[in-house]
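First up is the structure itself, then whatever we jot down about it.
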Amino acid sequence: MRAAKALSYPAFGVGEPAAEPGIRAERIEKRLGGNDVLRGVELIVRPGEILSILGSSGSGKSTLLRCLNLLTIPDRGDIWVHGEKLAIRAASQHGGPAGILDHRQVRRVRASMGMVFQNFNLWPHKTALENVTEGPVLVKGIRRGAAAELGRHYLAKVGLSDKADAYPRHLSGGQQQRVAIARALAMEPQVLLFDEPTSALDPELVGEVLRVMAALAGEGRTMVIVTHELAFAREVSTRAAFMHGGLIEEESPPQEFFSSPVSGRLRGFLASHR
Amino acid sequence: MDIMLLLTSTVTLTGGIPLTLLLTFASLLAGFVLAVPLAFMRASPRKWLSLPVLAYTYVFRGTPLLVQLFIIYYGLGQVGAIRSSVLWVLLRDPFWCCLLAFSLNGAAYTTEIFRGGIQAVATGMIEAAQAVGMSPLQIKRRIIFPIAFRSVLPSYANEVISLVKATSLASTVTLLEITGLSRKLVSETFAPYEIFIAAGVLYLGLTFLLTGFFNVLEARLNAAPQARTHPRRVILRQVPHEQ
Ligand SMILES: Nc1ncnc2c1ncn2[C@@H]1O[C@H](COP(=O)(O)OP(=O)(O)OP(=O)(O)O)[C@@H](O)[C@H]1O
Ligand SMILES: [Mg+2]
């Protein structure tokens, strides 16, 4: 709560009309466990855009997404969020790790980007409502009462009004993921990041999560979605990107992307996922 | 066995319960307060934070509590610097010596218990907290510690119970808690059998109450948390740091 006073919300861009909105990542490189996972990725996410990132397993999709809110710190490259350049120290030639230089900035930027994880990552000792209100209370300094109201609003939005007091272990995977989406929404972020939000779900539970995401897409939110759900990506995206070997190999509007892919690898990928 | 004597000495020995409880809860509190930050240091990947704590827990877990108590009670008085300092007001008092020994010893065990819990918290829980923009301290307080504490509650309960029993060592430095009172009574009546059985009954009663308390606490906390489906019961267990 104390930290929150120092932060101003909505996070940034406000009062800086010249600043470029959205996210820009340039020449992002990351080496993990001896692999060059990202090899100079360029990525732009404009406001209102819904970008799907596809690609086979190990191509670096999750790593790229995590670089955007610095859960993973890129070894090299620059990231701007709403025109603000993130202060990071590049990894040294001699293997010294990359680091965050301005922790406040990073917390502020993270608070403005909701993230939804493959494994939900709900906090097990908190109810659905508490999971949703924790961020607004601790990070934005919103009073408990107001936060609870906010929390109920977003739980209702994901169709879980009746589960506010349930603990995660009493919820199905699909319900847990919807709580996780409500948790991200309650921060009223400017961008939503999804990392394979339905991959850990039983097939019959995938639909309820995708429906919630499609509704969000319909509100004109800015979203970056790593997914293997091709039909969904085709339907909701405004742009799709294909990753291979740590680079974005092809990106285009969904009609072109899915109907007339240029790269042979993307064609093969699409064919094998039909 | 003289049943009447057993009963009367049980009643007499209850006079030692307040001191036993005071020693237990005061050192429990001090141990907890010390152990929480130490456990985070011990769990840190930074060697310069974790190694000093490891040295501390290693020494206090690797030596008998009775020896630690004797060093503090008999030993510290030999050090001129301590004798002439204000600390001496406390350290010449056996009560404070016991409190110091039990707190430091308990903190060492508690630190290692909490460290295990902290390290077992899934990284996903922490990343979710980072992703909403929480600060490292907020993450420790609101996410990591509550999850860790719940997962180690059974071990912590055992530690608390073993601390109750360890307070009997205070009798060796003249304190009249349950055991100290028993020894005094024995020297007056020459009936060690009945009197020590009475003492044992009192400790058993305390242990019983504490076990119940922790079972209730665990059930309460578990009505909520943990991906654990079978609540572990708190069981009495021989714990190595009692002589
Ligand atoms: N912490 C890590 N340490 C070592 N290697 C890692 C680490 N994280 C990722 N990798 C490796 O980096 C590569 C890319 O990982 P990443 O998770 O970004 O792929 P992905 O495209 O998201 O794949 P998936 O579809 O399986 O989720 C993989 O080969 C993975 O093994
Ligand atoms: Mg992935």
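Residue numbers (UniProt numbering), protein chains in the order written: chain X, 1 to 274; chain Y, 1 to 243. For glycine and all other residues, C-beta sits at the position ideal for the given N, C-alpha and C. Computed from a predicted model, the values in this text were never measured in an experiment.
Notebook entry, point to check: At what residue ranges does the stretch 215–259 of chain X contain a whole run of the beta strand (DSSP E), taking only runs of 3 or more?
Noted result: Taking 3 residues as the minimum length, the beta strand (DSSP E) runs contained wholly in the stretch 215–259 of chain X are 222–226, 239–244, 247–252, in order along the chain.
Next item on the list: Assign Y:Pro64 to one of two classes, buried (16 or more other C-beta atoms within 10 Å of its C-beta) or exposed (fewer than that).
Entry: Exposed.
Check: Using the beta carbon as the reference atom, which residues fall closer than 7 Å to any heavy atom of ligand 2, ordered along the chain?
Finding: Listed by chain position, these are X:Lys61, X:Ser62, X:Gln118, X:Asp195, X:Glu196, X:Val226.
Next item on the list: Identify whether X:Ile73 lies in helix, strand or coil by the three-state DSSP scheme.
Entry: X:Ile73 falls in the coil class under three-state DSSP.
Next item on the list: Report all residues from its chain with a CB closer than 7 Å to the CB of Y:Leu5; omit the five preceding and five following residues, and keep chain order.
Entry: Sequence-distant Cβ neighbours of Y:Leu5 in its own chain, meaning closer than 7 Å and more than five residues away, are Ala191, Glu194.
Next item on the list: Check Y:Phe102 in the structure and name its three-state DSSP category.
Entry: For Y:Phe102, the secondary structure class from DSSP, reduced to helix, strand or coil, is helix.
Notebook entry, point to check: Just the Cα atoms here: how many angstroms apart are Y:Phe60 and Y:Trp48?
Noted result: Straight-line Cα distance between these residues: approximately 19 Å.
Check: Hey, X:Tyr167 and X:Lys126: beta-carbon distance below 9 Å or not?
Finding: Result yes, Cβ atoms of X:Tyr167 and X:Lys126 sit closer than 9 Å.
Checklist line | Beta-ladder partner(s) of Y:Ile143, from DSSP | finding: Looking at the DSSP output, Y:Ile143 sits in no beta bridge, so it has no partner there.
Check: Would you call X:Arg66 buried or exposed, if buried means 16 or more other Cβ atoms sit within 10 Å of its Cβ?
Finding: The residue in question, X:Arg66, is buried, as its Cβ has 16 or more Cβ neighbours within 10 Å.
Note to self: Strictly by DSSP, which residues pair up with X:Leu54?
What the structure shows: Its beta-bridge partners are X:Phe242.
Check: The beta strand (DSSP E) spanning Y:Arg46 covers which residue range?
Finding: Per DSSP, Y:Arg46 belongs to no beta strand (DSSP E) and is neither H nor E.
Notebook entry, point to check: Taking DSSP as the reference, what is the three-state secondary structure of X:Met213?
Noted result: X:Met213 carries a helical assignment under DSSP once its states are collapsed to helix, strand and coil.
Margin query: Could you pull the DSSP bridge partners for X:Ala25 from this structure?
Written below: BP columns for X:Ala25 point to X:Leu43, X:Ile79.
Next item on the list: Mind listing the chain X neighbours of Y:Ser44? Cutoff is C-beta to C-beta under 9 Å, in chain order.
Entry: What Y:Ser44 touches in chain X, judged by beta-carbon distance under 9 Å, is nothing: the nearest beta carbon there is about 16 Å away.
Check: Which whole runs of the beta strand (DSSP E) in the stretch 169–213 of chain X are 3 residues long or more, in chain order?
Finding: You should have 191–195.
Next item on the list: Using only the heavy atoms of ligand 1, determine whether one of them is closer than 8 Å to the beta carbon of X:Gly58.
Entry: At least one heavy atom of ligand 1 lies less than 8 Å from the C-beta of X:Gly58.
Margin query: At a threshold of 8 Å, does X:Gly218 count as lining ligand 1 (C-beta to nearest heavy atom)?
Written below: For X:Gly218, the shortest C-beta to heavy atom distance toward ligand 1 is 8 Å or greater.
Next item on the list: Grab the span of the alpha helix (DSSP H) containing X:Val139 for me, first residue to last.
Entry: Run containing X:Val139: 128–140, per the alpha helix (DSSP H) assignment.
Next item on the list: Taking only heavy atoms of ligand 1 into account, decide whether any of them is closer than 8 Å to the Cβ of X:His273.
Entry: Closer than 8 Å to some heavy atom of ligand 1: that does not describe the Cβ of X:His273.
Check: Residues of chain Y with a CB under 9 Å from the CB of X:Gly60: which are they?
Finding: Ordered by position in chain Y, no residue passes the 9 Å Cβ test against X:Gly60, which lies about 18 Å from the chain.
Check: In whole angstroms, what separates the C-alpha of Y:Thr211 from that of Y:Ala101?
Finding: Here the alpha carbon of Y:Thr211 sits roughly 24 Å from the alpha carbon of Y:Ala101.
Note to self: Does the structure place the stretch 203–223 of chain Y close enough to the stretch 146–155 of chain Y that three or more beta carbon pairs sit under 8 Å?
What the structure shows: A contact between stretches requires three or more CB pairs, one per stretch, nearer than 8 Å, and the stretch 146–155 of chain Y meets this requirement with the stretch 203–223 of chain Y.
Next item on the list: Anything in the stretch 123–135 of chain Y with a Cβ closer than 8 Å to a Cβ of chain X? List those residues in chain order, please.
Entry: Residues Gly124, Met125, Glu127, Ala128, Ala129, Gln130, Ala131, Val132, Gly133, Met134, Ser135.
Note to self: At the level of alpha carbons, what is the spacing between X:Gly141 and X:Ile53?
What the structure shows: Each residue's alpha carbon lies about 34 Å from the other.
Next item on the list: Could you tell me whether the stretch 113–122 of chain Y touches the stretch 38–57 of chain Y, using the rule of 3 or more Cβ pairs below 8 Å?
Entry: Touching, per the Cβ criterion.
Notebook entry, point to check: Along chain X, in chain order, which residues have C-beta atoms closer than 7 Å to that of Y:Gln138?
Noted result: Going along chain X in sequence order, the residues near Y:Gln138 (Cβ under 7 Å) are Leu138.
Check: DSSP three-state call for X:Arg31: helix, strand or coil?
Finding: Of the three classes helix, strand and coil, the one that applies to X:Arg31 here is strand, per DSSP.
Checklist line | Reduced DSSP category for X:Leu38 - H, G, I as helix; E, B as strand; rest coil | finding: In the structure shown, X:Leu38 falls within a strand segment according to DSSP collapsed to helix, strand and coil.
Item checked: Inter-stretch contact (C-beta, 8 Å, three-pair minimum) for the stretch 160–167 of chain Y and the stretch 200–219 of chain Y -> Yes, since at least three Cβ pairs between the stretch 160–167 of chain Y and the stretch 200–219 of chain Y fall closer than 8 Å, the two stretches touch.
Note to self: So with CB distances below 7 Å, who are the chain X contacts of Y:Ile143?
What the structure shows: In chain order: Trp123.
Checklist line | Helix, strand or coil at Y:Gly15 [DSSP, three-state] | finding: Helix.
Next item on the list: Please list, in chain order, all residues of the same chain as Y:Val186 whose beta carbon is under 8 Å from its beta carbon, the five residues on each side excluded.
Entry: The residues Pro192, Ile195, Phe196, in chain order, have a CB closer than 8 Å to that of Y:Val186 in the same chain once the five nearest residues on each side in sequence are set aside.
Next item on the list: Would you be able to state if there are at least three C-beta pairs under 8 Å between the stretch 205–223 of chain X and the stretch 184–192 of chain X?
Entry: Under the three-pair Cβ rule at 8 Å, the stretch 184–192 of chain X counts as touching the stretch 205–223 of chain X.
Margin query: Below 8 Å on the Cβ atoms is my contact criterion, and I expect X:Pro136 with X:Leu122 to pass it. Report the Cβ-Cβ distance as a whole number of Å.
Written below: About 16 Å; that fails the 8 Å criterion.
Checklist line | Pick from X:Ser59, X:Asn131, X:Thr198 that is closest to X:Gly174, judged by C-alpha positions | finding: When the alpha-carbon of X:Gly174 is set against those of X:Ser59, X:Asn131, X:Thr198, the nearest one is in X:Thr198.
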